[in-house]
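Going left to right, the sequence shown walks through residues 26 to 369 as our numbering numbers them. What follows is a set of notes on a single structure, which appears directly below.
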Amino acid sequence: MPVALSPTVSSVYINHLVDVARLMGADLGATESELGLDSNLLNDINARVPFAVEDALYAAILKQLHDPWFGLHTGENVRPNSIGVLGYATMSSRNLGEAVGLMLRHEHFRSEVGNCEMVVDDQTFSISWQAFDGATEPHRHRVEAAFSSWVSYGRWITRSQHNPLKVQFRHKAPSDDLREYERIFQCPVEFGSDENRITLEASLLDTPLADADADVHRLMRARVEQVLANYQARGNFLAQVRLAMTEALPLGAPTLETMADTLGLKPWTLRRRLSADGADFSSLLDQVRIHLAQRYLADPTHPISDIASLLGYSEQSAFNRAFKRWFKCTPAGYRQQIQQGQRV
Numbered sequence: 026m027p028v029a030l031s032p033t034v035s036s037v038y039i040n041h042l043v044d045v046a047r048l049m050g051a052d053l054g055a056t057e058s059e060l061g062l063d064s065n066l067l068n069d070i071n072a073r074v075p076f077a078v079e080d081a082l083y084a085a086i087l088k089q090l091h092d093p094w095f096g097l098h099t100g101e102n103v104r105p106n107s108i109g110v111l112g113y114a115t116m117s118s119r120n121l122g123e124a125v126g127l128m129l130r131h132e133h134f135r136s137e138v139g140n141c142e143m144v145v146d147d148q149t150f151s152i153s154w155q156a157f158d159g160a161t162e163p164h165r166h167r168v169e170a171a172f173s174s175w176v177s178y179g180r181w182i183t184r185s186q187h188n189p190l191k192v193q194f195r196h197k198a199p200s201d202d203l204r205e206y207e208r209i210f211q212c213p214v215e216f217g218s219d220e221n222r223i224t225l226e227a228s229l230l231d232t233p234l235a236d237a238d239a240d241v242h243r244l245m246r247a248r249v250e251q252v253l254a255n256y257q258a259r260g261n262f263l264a265q266v267r268l269a270m271t272e273a274l275p276l277g278a279p280t281l282e283t284m285a286d287t288l289g290l291k292p293w294t295l296r297r298r299l300s301a302d303g304a305d306f307s308s309l310l311d312q313v314r315i316h317l318a319q320r321y322l323a324d325p326t327h328p329i330s331d332i333a334s335l336l337g338y339s340e341q342s343a344f345n346r347a348f349k350r351w352f353k354c355t356p357a358g359y360r361q362q363i364q365q366g367q368r369v
């Protein structure tokens, strides 16, 4: 599946990330203000946050905390309220298998940059996570947070200490000290694997949940479907606008008027529909440019001198200024960080 144009993540996940960082002592006031992460957005279960903002938030947190296992600790602290209405729907499920199935079917709502798949056989079941085609390989903290949350949340909703059989990560071990991985997963952990995958005993899928409640589950499932419907309706129109922007950028920076004409709308209609979806033209154009810049810089076959024009900038200096505003570094510096594995 291809990566979404200007992918986003759920505000619910961002809220959890901020909460865990604060509990660990991070002071994110200035960062939240700079990134536009106000309380109204973080508490709106329908809100979406650009992937680039999550990227910048991770970088700010890691810079403050110096926690080499922040991803593990973020996942370890997941509880039903950490994942919004989906948390209560999974918690009230009949058994672990039903809860896992529900989580995986809605993984794309949480984040538009990766995909989960489950394989079940007679003895085991496994869940893999991979970036969508065209997406930059995720930083290890994101993958480790996902795997840690699956294990920790599964233990919490079953009230049992079940352990995986094996955990595999594509990235290399961050150090020789693997005690945190051993403490959380309680199983062999393999680094430098061909895939990100966690394997468990198939019998665990039949484990009843401590808070199973058919009536609550039915109500929460209905709420989940409504949230998903809102997400899909919003995404369809914004995806059209993003695609039109992406196609127009190599010819120059699009304007509200030119985009409205391309989409067969009046300028005021386009502005109104964007506003109804919680977006505005300038911010959406920035999101598209940020995402494309990340993709181009992750591909060493794209000369940096060509990227400015591909993003609709008439001058390299204008692109450099915008890029420093987005990432606090130059395009060349960003590419170097990617190559050295330092970019989140």
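Idealized CB from N, CA, C, for every residue including glycine. These numbers come from a predicted model, not from an experiment.
- Message: Please report the straight-line C-alpha distance between residue 159 and residue 137, rounded to a whole angstrom.
- Response: Translated into positions along the sequence shown, residue 159 becomes position 134. Translated into positions along the sequence shown, residue 137 becomes position 112. The predicted model places residue 159 with a pLDDT of 48, which falls under 50 and marks its position as unreliable, so this point remains unresolved.
- Message: Please classify residue 277 as buried or exposed, where buried requires at least 16 other C-beta atoms within 10 Å of its C-beta.
- Response: To locate residue 277, count along the sequence shown from 1; it is residue 252. Looking at its Cβ environment, which holds fewer than 16 other Cβ atoms inside 10 Å, residue 277 is exposed.
- Task: Within the same chain, show all residues whose beta-carbon is closer than 6 Å to that of residue 75, passing over the 5 residues directly before and after it, in chain order.
- Result: Within the sequence shown, numbered from 1, the residue matching residue 75 stands at position 50. If we look at residue 75 and ignore the five residues flanking it on each side, its Cβ neighbours are 33, 312.
- Task: Could you say which of 82, 65, 40, 333 lies nearest to residue 59 if we only look at CA atoms?
- Result: Against the sequence shown, residue 59 aligns to sequence position 34. The shortest C-alpha separation from residue 59 is found at 82.
- Identify the residues that DSSP records as bridge partners of residue 35: which are they? The sequence position of residue 35 within the sequence shown is 10, counting from 1. In the DSSP output, where bridge partners are listed per residue, residue 35 has 73.
- Item | Separation of residue 128 from residue 99, as counted between CA atoms | Start at 1 with the first residue of the sequence shown, and residue 99 comes out as number 74. Start at 1 with the first residue of the sequence shown, and residue 128 comes out as number 103. Answer to the nearest angstrom: the Cα atoms are 17 Å apart.
- Where residue 91 falls, given that 16 or more other Cβ within 10 Å makes a residue buried: Position 66 of the sequence shown, counted from the start, is the residue given in the question as residue 91. Exposed, since its Cβ has fewer than 16 Cβ neighbours within 10 Å.
- Given a cut-off of 8 Å, decide if residue 204 and residue 218 are closer than it, judged by their beta-carbon atoms. On the sequence shown, residue 218 is found 193 positions in, with the first residue counted as 1. On the sequence shown, residue 204 is found 179 positions in, with the first residue counted as 1. In this structure, residue 204 does not lie closer than 8 Å to residue 218 by Cβ.
- Message: Given a cut-off of 8 Å on the beta-carbon distance, is the pair residue 36 and residue 103 in contact?
- Response: Taking the first residue of the sequence shown as position 1, residue 36 is located at position 11. Taking the first residue of the sequence shown as position 1, residue 103 is located at position 78. Contact: no.
- Query: Would you say the stretch 261-278 touches the stretch 331-342, given that touching needs at least three Cβ pairs under 8 Å?
  - Reply: yes
- What's the gap between the Cα of residue 242 and the Cα of residue 38? On the sequence shown, position 217 is the one that residue 242 refers to. On the sequence shown, position 13 is the one that residue 38 refers to. The straight-line gap from Cα to Cα measures roughly 21 Å.
- Query: Rounded to a whole number of angstroms, what is the C-alpha to C-alpha distance between residue 324 and residue 347?
  - Reply: Walking along the sequence shown from the start, residue 324 turns up at place 299. Walking along the sequence shown from the start, residue 347 turns up at place 322. One C-alpha to the other measures close to 20 Å.
- Note down the Cα distance separating residue 11 from residue 96, rounded to an integer number of angstroms. Residue coverage of the chain in this structure runs from 26 to 369, which leaves residue 11 outside it and unanswerable.
- Would you report the Cα separation of residue 285 and residue 292, rounded to the nearest angstrom? Working through the sequence shown from its first residue, we reach residue 285 at position 260. Working through the sequence shown from its first residue, we reach residue 292 at position 267. Their backbone Cα atoms lie some 5 Å apart in a straight line.
- Message: With the cut-off set at 8 Å, would you say residue 224 and residue 342 are in Cβ contact?
- Response: Counting from 1 along the sequence shown, the entry for residue 224 is found at position 199. Counting from 1 along the sequence shown, the entry for residue 342 is found at position 317. Their beta carbons are not under 8 Å apart, which means residue 224 does not touch residue 342 by this criterion.
- Message: Can you confirm whether the stretch 225-232 touches the stretch 179-189 when touching is taken to mean that 3 or more C-beta pairs between the two stretches lie within less than 8 Å?
- Response: yes
- Query: Of the choices 328, 68, 282, whose alpha-carbon is the least far from that of residue 40?
  - Reply: By one-based count along the sequence shown, residue 40 stands at place 15. Looking at the Cα atoms, 68 is the closest of the given residues.
- Message: I'd like the span of the beta strand (DSSP E) that includes residue 221, first residue to last.
- Response: Here residue 221 refers to the residue found at position 196 of the sequence shown. Element bounds for residue 221: 221-226.
- Query: Under a Cβ-count criterion, where at least 16 other Cβ atoms within 10 Å of its own Cβ denotes burial, should residue 169 be classed as buried or exposed?
  - Reply: Your numbering for residue 169 matches position 144 in the sequence shown. Under this definition residue 169 is a buried residue.
- Message: Distance check for residue 209 and residue 192, CA to CA, integer angstroms please.
- Response: Taking the first residue of the sequence shown as position 1, residue 192 is located at position 167. Taking the first residue of the sequence shown as position 1, residue 209 is located at position 184. Going by the C-alpha atoms only, they are around 11 Å apart.
- Item | Straight-line Cα distance separating residue 201 from residue 267 | For the purposes of this step, residue 267 is identified with residue 242 of the sequence shown, where counting begins at 1. For the purposes of this step, residue 201 is identified with residue 176 of the sequence shown, where counting begins at 1. Distance between the alpha carbons of residue 267 and residue 201: 43 Å.
- Message: Helix, strand or coil for residue 89? Go by DSSP, reduced to three states.
- Response: Here residue 89 corresponds to residue number 64 of the sequence shown, with the count starting at 1. DSSP places residue 89 in helix when its eight states are reduced to three.
- Task: Would you mind reading off the limits of the beta strand (DSSP E) that contains residue 191?
- Result: The residue labelled residue 191 in the question sits at position 166 within the sequence shown. Unbroken beta strand (DSSP E) run through residue 191: 191-193.
- Query: So, is residue 130 buried or exposed, given that buried needs 16 or more other C-beta atoms within 10 angstroms?
  - Reply: Reading the sequence shown from its first residue, position 105 is the one you call residue 130. Exposed.
- With a 10 Å radius around its C-beta and 16 neighbouring C-beta atoms as the bar for buried, classify residue 307 as buried or exposed. Stepping through the sequence shown from its first residue, residue 307 is reached at position 282. By the neighbour-count rule (16 or more Cβ atoms within 10 Å), residue 307 is not buried but exposed.
- Item | Extent of the continuous beta strand (DSSP E) to which residue 149 belongs | One-based indexing of the sequence shown puts residue 149 at position 124. Note, residue 149: beta strand (DSSP E), 149-156.
- DSSP three-state call for residue 340: helix, strand or coil? In the sequence shown, counting from the first residue as 1, residue 340 sits at position 315. In this structure, residue 340 counts as coil in the three-state DSSP scheme.
- Item | Expected contact under 8 Å - CB spacing of residue 153 and residue 221 to nearest Å | For the purposes of this step, residue 153 is identified with residue 128 of the sequence shown, where counting begins at 1. For the purposes of this step, residue 221 is identified with residue 196 of the sequence shown, where counting begins at 1. The Cβ separation is near 6 Å, so the contact holds.
- Message: What does the alpha-carbon distance come out to for the pair residue 111 and residue 105?
- Response: The residue given as residue 111 occupies position 86 in the sequence shown. The residue given as residue 105 occupies position 80 in the sequence shown. Looking at the two C-alpha atoms, the distance is approximately 8 Å.
- Query: For residue 288 versus residue 269, is the C-beta distance shorter than 8 Å?
  - Reply: In the sequence shown, counting from the first residue as 1, residue 288 sits at position 263. In the sequence shown, counting from the first residue as 1, residue 269 sits at position 244. Closer than 8 Å, so yes.
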